[in-house]
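Line order of the protein sequences matches chains A and B.
If you use our numbering, the first sequence corresponds to residues 1 to 497, in order.
If you use our numbering, the second sequence corresponds to residues 1 to 346, in order.
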Amino acid sequence: MRLRGITKRYGAVVACDGVDLTLERGEIHGLLGENGAGKSTLMRILLGLETQDSGAIDRDGRAVTIAGPREAAALGISMVHQHFSLVDPLTVWENVALGRSGPVRRAAERAGVRAAAQRYGLAIDPDARVGTLSAGERQRVELLKCLRRDPTVLIMDEPTSVLTRSESAELFTVLRRVVAAEHRAVVLISHKLAEITTATDRVTVMRAGRVVLRRATTATTEAELAREMVGREVTLGAAVGVLPHATAPASPAASAQTALRLRGLTARPGLDDLCLTVHAGEIVGLYGAEGNGQKSLGDVLSGLTVPDAGTVEVAGASVDLRRPGALSAAGLGIVPEDRHHAGVVLDLSVAENLVMTRLGDVSGRVFIDRRRLRRRARALADEYGITAASLDSPLRDLSGGNQQRVVLARELSGRPRVLVAAQPSRGLDVGAVEDLYARLRRCASDGIAVLLISTELEEILALTTRIATIFRGRIVGELPTAQADGERLALLTGGVA
Amino acid sequence: MTRAGPWVSAAIVTAALVLPGLLIAVTGGSPSAALRALIQGSLGDATAVSQTLLYAAPLLLVAVGACCSARSGVFNIGQEGQVLIGALAGAAAGLRLAVPGPALLLVVLLAAALAAGAWAWLSALMNRLRGVDIAVSTLLMTFLAQQVVAFAVTTPWLLQESRLGEAAALPQSNKLPSGALLGSLGDHPGLQLNLGLAVGVVVAMLVAVALDRTRWGFRLTVAGLNPAAARHAGIPVAAVGGIALAVSGALAGMAGAVLLASPLSTNRLQPDISIDIGWDGLLVALVARNRPLLTIPVAGLFAVLRAGGNFLAATGVPPYLVDVVKALLTLAFVAPAVMRRRSVVA
Numbered sequence: 001m002r003l004r005g006i007t008k009r010y011g012a013v014v015a016c017d018g019v020d021l022t023l024e025r026g027e028i029h030g031l032l033g034e035n036g037a038g039k040s041t042l043m044r045i046l047l048g049l050e051t052q053d054s055g056a057i058d059r060d061g062r063a064v065t066i067a068g069p070r071e072a073a074a075l076g077i078s079m080v081h082q083h084f085s086l087v088d089p090l091t092v093w094e095n096v097a098l099g100r101s102g103p104v105r106r107a108a109e110r111a112g113v114r115a116a117a118q119r120y121g122l123a124i125d126p127d128a129r130v131g132t133l134s135a136g137e138r139q140r141v142e143l144l145k146c147l148r149r150d151p152t153v154l155i156m157d158e159p160t161s162v163l164t165r166s167e168s169a170e171l172f173t174v175l176r177r178v179v180a181a182e183h184r185a186v187v188l189i190s191h192k193l194a195e196i197t198t199a200t201d202r203v204t205v206m207r208a209g210r211v212v213l214r215r216a217t218t219a220t221t222e223a224e225l226a227r228e229m230v231g232r233e234v235t236l237g238a239a240v241g242v243l244p245h246a247t248a249p250a251s252p253a254a255s256a257q258t259a260l261r262l263r264g265l266t267a268r269p270g271l272d273d274l275c276l277t278v279h280a281g282e283i284v285g286l287y288g289a290e291g292n293g294q295k296s297l298g299d300v301l302s303g304l305t306v307p308d309a310g311t312v313e314v315a316g317a318s319v320d321l322r323r324p325g326a327l328s329a330a331g332l333g334i335v336p337e338d339r340h341h342a343g344v345v346l347d348l349s350v351a352e353n354l355v356m357t358r359l360g361d362v363s364g365r366v367f368i369d370r371r372r373l374r375r376r377a378r379a380l381a382d383e384y385g386i387t388a389a390s391l392d393s394p395l396r397d398l399s400g401g402n403q404q405r406v407v408l409a410r411e412l413s414g415r416p417r418v419l420v421a422a423q424p425s426r427g428l429d430v431g432a433v434e435d436l437y438a439r440l441r442r443c444a445s446d447g448i449a450v451l452l453i454s455t456e457l458e459e460i461l462a463l464t465t466r467i468a469t470i471f472r473g474r475i476v477g478e479l480p481t482a483q484a485d486g487e488r489l490a491l492l493t494g495g496v497a
Numbered sequence: 001m002t003r004a005g006p007w008v009s010a011a012i013v014t015a016a017l018v019l020p021g022l023l024i025a026v027t028g029g030s031p032s033a034a035l036r037a038l039i040q041g042s043l044g045d046a047t048a049v050s051q052t053l054l055y056a057a058p059l060l061l062v063a064v065g066a067c068c069s070a071r072s073g074v075f076n077i078g079q080e081g082q083v084l085i086g087a088l089a090g091a092a093a094g095l096r097l098a099v100p101g102p103a104l105l106l107v108v109l110l111a112a113a114l115a116a117g118a119w120a121w122l123s124a125l126m127n128r129l130r131g132v133d134i135a136v137s138t139l140l141m142t143f144l145a146q147q148v149v150a151f152a153v154t155t156p157w158l159l160q161e162s163r164l165g166e167a168a169a170l171p172q173s174n175k176l177p178s179g180a181l182l183g184s185l186g187d188h189p190g191l192q193l194n195l196g197l198a199v200g201v202v203v204a205m206l207v208a209v210a211l212d213r214t215r216w217g218f219r220l221t222v223a224g225l226n227p228a229a230a231r232h233a234g235i236p237v238a239a240v241g242g243i244a245l246a247v248s249g250a251l252a253g254m255a256g257a258v259l260l261a262s263p264l265s266t267n268r269l270q271p272d273i274s275i276d277i278g279w280d281g282l283l284v285a286l287v288a289r290n291r292p293l294l295t296i297p298v299a300g301l302f303a304v305l306r307a308g309g310n311f312l313a314a315t316g317v318p319p320y321l322v323d324v325v326k327a328l329l330t331l332a333f334v335a336p337a338v339m340r341r342r343s344v345v346a
C-alpha cells in the first residue's frame with residue numbers, strides 16, 4: 001500500500017499536507033504524532049471515511065480510489081478503533097460474526113472463532129458474553145473481528161490505551177505473528193514511545209500535518225522520536241501560530257498559599273491515587289496523552305462522580321464530594337472538557353446559563369427576579385465579551401467560542417479561589433483561543449489557582465509555570481515549565497519515567 | 001429540519017380529522033351526522049356544556065401534574081392509579097372525619113393529594129434504592145391501585161357501604177356527606193359551573209408561575225434538560241425529580257377527589273371511578289407540550305371529545321371512534337417533536 005502526496009484541508013486548517021506513507025507487507029509500521037498531527041485524518045482517508053483533496057493511493061503498484069468504507073473493506077483495509085465497537089450483551093462469536101452479510105451458521109462461526117483464536121494465540125471463549133470481559137479480552141475480540149475479514153492492512157489506533165503492560169506485550173506478540181506468518185501490513189498508531197521502539201519495524205512521525213521523520217525503527221531512539229514529535233521549537237512556547245506571542249507566563253507570588261490539594265484521588269476506571277497541589281496565583285498544567293484519567297479527574301472536579309477514595313481540599317478545607325454543588329460552594333470553578341455535557345444547558349437562555357450556579361444572587365427566597373437576572377447577565381456578557389443576538393435566545397444558537405465564554409464567565413462570577421480548565425481550547429477558533437488564554441492569565445494574576453488539564457503541549461508550555469504529567473491515572477512527573485522541554489515531557493507522558 | 005415540524009403537524013391533524021370520517025363512512029354511518037352529534041353532545045346546549053366542563057376539571061389537574069414531572073425529566077405514566085388512590089383517600093377522609101360543613105371539602109381534596117403524592121413518590125424511592133425505572137413502576141403501580149380500591153370497597157370494615165336491611169351491599173362506599181361535595185359556582189339557568197373547574201384553572205396558573213418564575217421551577221427545569229449540568233450547579237437531581245413526581249401524583253390524586261365530589265360520579269367510591277381520566281390527562285399534557293397554561297384549552301378539547309363521544313353512540317357510531325380521534329390528535333402534536341429528536345441523533 002502506498003499513499004503519495006495526500007493533502008486534506010478543513011477550511012483554513014491543513015490536516016494532511018502532502019503526506020507520503022508506504023506500508024509494506026510483513027511489517028509493523030509505527031505512526032507517531034501528537035493529537036491533531038494528522039494521523040487520524042490520514043487513516044480516515046485510507047478507510048474511505050474521508051476523501052483526500054489531492055494525492056494518490058496505490059495498492060501493489062496499481063492506483064486505487066477508496067470512495068467509501070465498503071471499497072476499503074474490499075481492498076482489505078481494516079481498523080481496530082481506540083474505542084471499542086462491540087455489543088456488550090452479545091457473545092464473542094456473535095460479535096465477530098456481526099456486520100457480515102449472508103446467513104449466520106452458529107456452529108461454523110464458533111468453530112471459526114476458536115480456530116482463529118488458536119492460530120493467533122488469542123485465548124478467548126467464543127461463548128463468553130462481551131459485557132463480562134476485561135478490556136484486554138475485548139481488545140482480542142476486536143482484533144479477531146478484523147482478522148476474520150482477512151485484511152491486507154490492519155490499522156491499530158492507540159490499541160494499548162486501555163491495556164495493562166502485560167496485556168500490551170501479549171498484543172504485540174500476536175501482531176508480530178500476524179505480519180510474520182501471514183504477510184499482512186500493520187499500522188500501529190500510538191503516543192507511547194516505548195511501544196513504538198519495541199514493537200515496530202519502521203516508524204513515521206507526523207507533526208502539524210506533515211511527515212517529519214521516516215526511518216527504520218532500529219536506526220532511531222526514543223529521545224529522537226520525542227523531539228521530532230513535538231518539534232524542537234516548542235520549548236520557546238510561542239512556536240505555533242495559535243499562540244499569542246511571547247507573553248511571559250505568570251509568576252506565582254513567593255509565599256503563595258495552597259489553594260487546591262488533591263490527595264490520593266482514586267476512581268475506577270481512570271484515577272489511581274492521584275495527588276496534586278496548586279497554589280494561589282499559579283497556573284499548573286496537567287499534561288498527558290488522551291485517556292490517562294483526565295476525564296475522570298474532570299468528572300470528579302465537576303461533582304459528577306464521587307471518587308472511591310481520596311479527598312479534594314479547597315483553601316485548606318476538605319470538600320464533601322457527595323453533596324451536589326459542594327465544590328462550587330467551596331470556591332472551585334471549572335470549565336469542563338465536554339461543555340455540552342456538564343457545562344451548559346443548551347435549551348435554556350444565555351442569561352439563565354450565566355446565572356445557573358448562583359441563582360441565589362438573582363432571586364428572593366422563592367421567586368426569581370427577572371430584572372436582576374437580566375441585569376447581571378448583561379454585566380457578565382459585557383465583561384467577558386460574549387456576543388449574542390439576545391441574551392434571551394437559547395444558548396444553542398451561540399458559537400462554540402461564545403458558549404465557552406459563558407461557562408468561563410459563570411464560573412468566575414462566583415469569585416472562585418480555584419479554576420480548573422479542562423481542554424478549554426478544544427473546538428474553538430484562533431481568536432477565541434487567544435481571548436481564553438488572556439483570561440486564564442488574568443485569573444492567575446488575580447490570585448486564582450488555575451489547573452489547566454490539556455493534551456496540547458504548546459498550550460501547556462505557553463501558559464503554565466509548573467507542569468505535572470499524568471499517566472494511567474497517576475501523576476508520574478512534575479517539573480517547572482522553565483526546565484521542561486518537549487523531549488523530557490514526551491518521555492514522561494509516554495510512561496517511560 | 002425544523003421547517004418540517006409545522007407541516008407534519010398540519011398533515012397529521014388533517015388526517016386525525018379526516019380518517020375517522022372515512023372510518024364512519026366505511027362502517028356505513030354518516031360522518032356529518034356523527035360530527036353534529038359530537039358537537040351537540042358537548043357544546044349543543046347548557047346541559048352539554050356543563051357536562052364538558054365537568055370533564056375538563058379532572059383532566060386539567062392530571063395534565064398540570066404531568067407537566068411538572070415531565071419538565072423535571074421524570075416520566076410519570078401512572079396517573080390513572082394515582083387518581084384512584086386520591087379518590088380512595090378522599091372517600092376515607094370524607095366519610096370518617098367529622099369536619100363540619102364546607103371545610104370537609106378542603107380536607108377531602110388535601111387528603112387525596114397527600115395520599116396520591118406519597119403513592120407516586122414510592123416510585124421515586126424505588127428508583128433511588130433499587131434503580132427501578134420510574135415509567136415502568138408508576139405504570140405497574142396503577143394495577144396495584146386498582147386492586148387496593150377494589151379491596152377497600154368490598155371489605156365491610158374498610159369502605160364498603162353499610163347494609164340497609166336485607167339488601168346486599170354493593171362494591172362501593174357510602175355516599176359522601178353534602179359538605180364534602182363540589183357545588184356550582186353562581187346561579188345560571190341550566191348551566192352548571194362546577195367548583196372543580198375553578199380548582200383546576202387556579203392550580204394550572206399556580207403551577208405555571210411556579211415553573212417559570214421560582215427557583216424551584218428553574219432547578220426542576222435544569223434537572224430535566226441536563227442532569228449533569230444540574231448536578232454541577234448544585235441541584236440534587238434525584239431529589240428534585242422525586243418532588244416533581246410527588247407533585248404530579250398529588251395533582252392526579254386531587255383529580256380523583258374532584259371526580260368523587262362532583263356530579264360526574266355518584267359521590268361514592270367505586271372501582272371504576274377514575275374512568276380513564278388518568279390516561280387522558282397524560283395525553284393532554286403531551287399535546288400541550290408540558291406547558292401548564294396550554295393544558296387549559298387542550299383539556300377543554302379533550303373534554304369536548306369525551307362528552308360528545310358519550311352522545312355519539314345515539315347516532316349508531318361506535319363511540320370508540322372518539323378514542324381513535326384522541327390518539328391521532330395526540331400523535332399529530334407529539335410526532336413532530338419525536339421526529340426532530342431522531343434527526344438530531346442521526
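We put the CB at the ideal spot given by N, CA and C, even for glycine.
Asked                                                                                                                : Found
Spatially closest choice to B/S274 from B/S123, B/E80 and B/V247, by CA coordinates                                  : B/E80
8 Å Cβ cutoff, B/N194 in contact with chain A                                                                        : no
Partner residues on chain B for A/P324, Cβ-Cβ distance less than 7 Å                                                 : R231, G234, I235 and P236
Residues that B/N127 contacts on chain A, provided the C-beta gap is smaller than 9 Å                                : Correct list: empty, because the minimum Cβ distance to chain A is about 17 Å.
Chain B contacts from the segment 341-352 of chain A (Cβ-Cβ distance under 9 Å)                                      : H341, A342, G343, V344, V345, L346, D347, L348 and E352
CA nearest to the CA of B/G179, picked from B/A168, B/A238, B/A98 and B/V298                                         : B/A98
Within 8 Å, strictly: CB atoms of A/V203 and A/M156                                                                  : no
Near-chain B residues of the segment 291-303 of chain A (beta-carbon distance less than 7 Å), N- to C-terminal order : S302 and G303
Assigned exposure category for A/T481 - 16 Cβ within 10 Å defines buried                                             : buried
Residues of the segment 204-216 of chain B with Cβ closer than 8 Å to any Cβ of chain A, in chain order              : R213, T214, R215 and W216
Distance CB(A/G209)-CB(A/D17) smaller than 8 Å                                                                       : yes
Residues that B/L225 contacts on chain A, provided the C-beta gap is smaller than 7 Å                                : V345, D347 and L348
Contact set for A/R62: own chain, Cβ-Cβ below 7 Å, skip 5 residues either direction                                  : none
Listed by chain order, chain B residues near A/V153 by CB distance under 7 Å                                         : Those do not exist, as A/V153 stays about 30 Å from chain B at its closest Cβ, beyond 7 Å.
Meets three-Cβ-pair contact criterion under 8 Å: the segment 285-297 of chain A and the segment 318-329 of chain A   : no
Local Cβ density within 10 Å of A/E487, reported as buried at 16 or more and exposed below that                      : buried
Cβ shell of B/V334 (< 6 Å), same chain only, five flanking positions each side left out                              : L286
Local conformation of A/D299 per DSSP, three classes                                                                 : helix
Same chain only: Cβ atoms within 6 Å of A/V498, ignoring 5 sequence neighbours per side                              : Since the first and last residues shown for chain A are 1 and 497, residue 498 of chain A lies out of range.
Classification of A/P324 by the beta-carbon crowding that lies within 10 angstroms, buried from 16 upward            : buried
Contacting residues, own chain, Cβ-Cβ under 6 Å from B/A63 (five flanking each side not counted)                     : G281, V284, A285, T295 and A299
Status (buried if at least 16 other CB within 10 Å, exposed otherwise) for B/L158                                    : exposed
Chain A contact for B/V222 (CB, 8 Å cutoff)                                                                          : yes
Rounded straight-line distance, which links the Cα of A/V418 to that of A/G360                                       : 21 Å
A/V92 versus A/G333, A/D338, A/S134 and A/A73, residue with shortest Cα-Cα distance                                  : A/S134
Where A/S190 sits in the DSSP three-state scheme                                                                     : strand
Residue range of the beta strand (DSSP E) that includes B/M141                                                       : That residue, B/M141, is in no beta strand (DSSP E); its alpha helix (DSSP H) goes I134 to T154.
Under 8 Å between C-beta atoms of A/V64 and A/L75                                                                    : yes
Cβ-based contacts, 7 Å cut-off: residues of the segment 436-468 of chain A near chain B                              : none
Run of the alpha helix (DSSP H) containing A/E71, from where it starts to where it stops                             : P69 to A74
Interface flag, A/L359 vs chain B, CB-CB below 8 Å                                                                   : yes
Minimum length 4: unbroken alpha helix (DSSP H) runs contained in the segment 7-70 of chain B                        : 31-43
A/Y120 - containing alpha helix (DSSP H), residue span                                                               : R106 to Y120
Reduced DSSP category for B/E80 - H, G, I as helix; E, B as strand; rest coil                                        : helix
Beta-carbon proximity list for B/T138, same chain, < 6 Å, skipping 5 on both sides                                   : N76, I77, G78 and S123
Test: B/A228 CB closer than 8 Å to a CB of chain A                                                                   : yes
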